[in-house]
Amino acid sequence: MKSRLAYRMDFVIDTLAVSFSIVIQMAVLTTLFSKVRSLDGWSFPEVLFIYGFSLVPLGLFNLISVNLYGFSEKYIIQGKLDRVLLRPVGTLTQVLCESFSVSGINEILLGIGVMIYAGRELGLPLGIQQVLGLAVLAPSAALVYSGVFLAITSVTFWFEDRMGLAPPVYNLIRFSRYPITIYSLPVRLFLTFALPFAWVAFYPATWFLGSPGFARVALLTPLVGIVVFSGAVLIWKRGIKRYSSTGS
Numbered sequence: 015m016k017s018r019l020a021y022r023m024d025f026v027i028d029t030l031a032v033s034f035s036i037v038i039q040m041a042v043l044t045t046l047f048s049k050v051r052s053l054d055g056w057s058f059p060e061v062l063f064i065y066g067f068s069l070v071p072l073g074l075f076n077l078i079s080v081n082l083y084g085f086s087e088k089y090i091i092q093g094k095l096d097r098v099l100l101r102p103v104g105t106l107t108q109v110l111c112e113s114f115s116v117s118g119i120n121e122i123l124l125g126i127g128v129m130i131y132a133g134r135e136l137g138l139p140l141g142i143q144q145v146l147g148l149a150v151l152a153p154s155a156a157l158v159y160s161g162v163f164l165a166i167t168s169v170t171f172w173f174e175d176r177m178g179l180a181p182p183v184y185n186l187i188r189f190s191r192y193p194i195t196i197y198s199l200p201v202r203l204f205l206t207f208a209l210p211f212a213w214v215a216f217y218p219a220t221w222f223l224g225s226p227g228f229a230r231v232a233l234l235t236p237l238v239g240i241v242v243f244s245g246a247v248l249i250w251k252r253g254i255k256r257y258s259s260t261g262s
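In the numbering used here, the protein residues as written are 15 to 262.
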């Protein structure tokens, strides 16, 4: 009974924390657009729509990939990877599925809610095509998230670090929630090809918005997701071969 109550309390706390964070970020956007009419030609509802979409793949990522965030500390430094390696199931599958973050559900639902609100403000259609588009583009964008953080996590097999690179990279996600056209060319190229966070929000969101010059590019999101995640899996497989037990 105590464990069930504790789980429910964790769920409530996570829900409130995620909701509060989203409200704060929307308040920041509202304040920003109270001073400017647009961001490089992007209206408030359009930027709000991009932000709403960004929450959906982030929620999907947090549902099953949250373990990647603290992998170095939990699995390598503390030696818990030893237990994982003894099981017949694939190590990556176990690491991804061993922890479940309820905050992911909240992000998905709130993100869809923001998209619907912003879409109505923009007069965007809401039908089967849009639902199918979300069903394809959101998981594809989540694959990009998972691929990026899996690659970063795999680096710890070569360079053990208690915190790892995940926290600072996670903080860069906020840059993906705005139209990348507001950034300089080097930043746009960086977010598109080096650290491909432009594919987790901006590009796929432009498909719904029908943005000239970007809507077709958005159709590459599934391919980008597959390439990024597949590349990360290869790095993981090479890294796992280097792992040596801590003996703990």
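The beta carbon of each residue, even a glycine, is placed where N, CA and C say it ideally should be.
Beta-carbon proximity list for residue i, same chain, < 7 angstroms, skipping 5 on both sides
{"i": "I254", "result": "T105, F171"}
{"i": "T220", "result": "F228, A229, A232"}
{"i": "C111", "result": "I78"}
{"i": "V238", "result": "V158, P210, W213"}
{"i": "R18", "result": "Because R18 carries a pLDDT of 43, less than 50, the predicted location of this residue cannot be relied on, and the following value inherits that uncertainty. Excluding residues within five positions, none has a Cβ falling inside 7 angstroms."}
{"i": "S160", "result": "F75, S79, F243"}
{"i": "V61", "result": "L43, L53, Y192, P193"}
{"i": "A152", "result": "V70, P71, L74"}
{"i": "T29", "result": "N120"}
{"i": "A132", "result": "P59, L62, F63, G66"}
{"i": "M15", "result": "Legend: pLDDT at M15 = 39, less than 50; position of this residue unreliable, no value from coordinates given."}
{"i": "F216", "result": "I64, S190, P193, I194"}
{"i": "Q144", "result": "F222"}
{"i": "L82", "result": "F163, L164, T167, A180"}
{"i": "I142", "result": "none"}
{"i": "V150", "result": "P236"}
{"i": "Y257", "result": "L95, F171"}
Residue(s) in a DSSP beta bridge with residue i
{"i": "W56", "result": "L53"}
Cutoff 6 angstroms; reference residue i; Cβ partners in own chain excluding five residues on either side
{"i": "I36", "result": "L124"}
{"i": "L72", "result": "E121"}
{"i": "S33", "result": "none"}
{"i": "V128", "result": "G66"}
{"i": "S168", "result": "I249, W250, G253"}
{"i": "E135", "result": "P59"}
Start-to-end residues for the alpha helix (DSSP H) that takes in residue i
{"i": "W172", "result": "Looking at the DSSP string, W172 is not in any alpha helix (DSSP H), and its letter there is neither H nor E."}
{"i": "N185", "result": "180 to 185"}
Own chain residues within Cβ distance below 8 angstroms of residue i, not counting five before or after
{"i": "L186", "result": "L209, F211"}
{"i": "E174", "result": "S86, I90, I91"}
{"i": "G55", "result": "T195"}
{"i": "Y197", "result": "F189, L205"}
{"i": "G6", "result": "As displayed, the chain neither begins before 15 nor continues past 262, which places residue 6 out of reach and without an answer."}
{"i": "G147", "result": "W221, F222"}
{"i": "K88", "result": "N81, K94"}
Near the ligand COA: residue i beta-carbon under 7 angstroms from a heavy atom
{"i": "N76", "result": "The model depicted lacks the ligand COA and carries no ligand whatsoever."}
Using 8 angstroms as the Cβ pair cut-off and three pairs as the minimum, do the segment 56 to 67 and the segment 181 to 199 touch?
Note that the segment 56 to 67 touches the segment 181 to 199; at least 3 beta-carbon pairs, one per stretch, sit closer than 8 angstroms.
Check whether the segment 111 to 118 touches the segment 74 to 90, counting contact only when three or more Cβ pairs, one atom from each stretch, lie closer than 8 angstroms.
Taking 8 angstroms as the limit for Cβ pairs, the verdict is that the segment 74 to 90 does touch the segment 111 to 118.
Within the segment 202 to 259, note down every full alpha helix (DSSP H) run reaching 4 residues or more, in order along the chain.
Uninterrupted alpha helix (DSSP H) stretches at least 4 residues long and entirely within the segment 202 to 259 occur at 216 to 223, 229 to 232, 235 to 254, given in chain order.
Threshold first: 4 residues or longer. Then list the alpha helix (DSSP H) segments lying entirely within the segment 91 to 179, N to C.
The segment 91 to 179 contains these whole alpha helix (DSSP H) runs: 95 to 99, 105 to 111, 117 to 136, 142 to 168.
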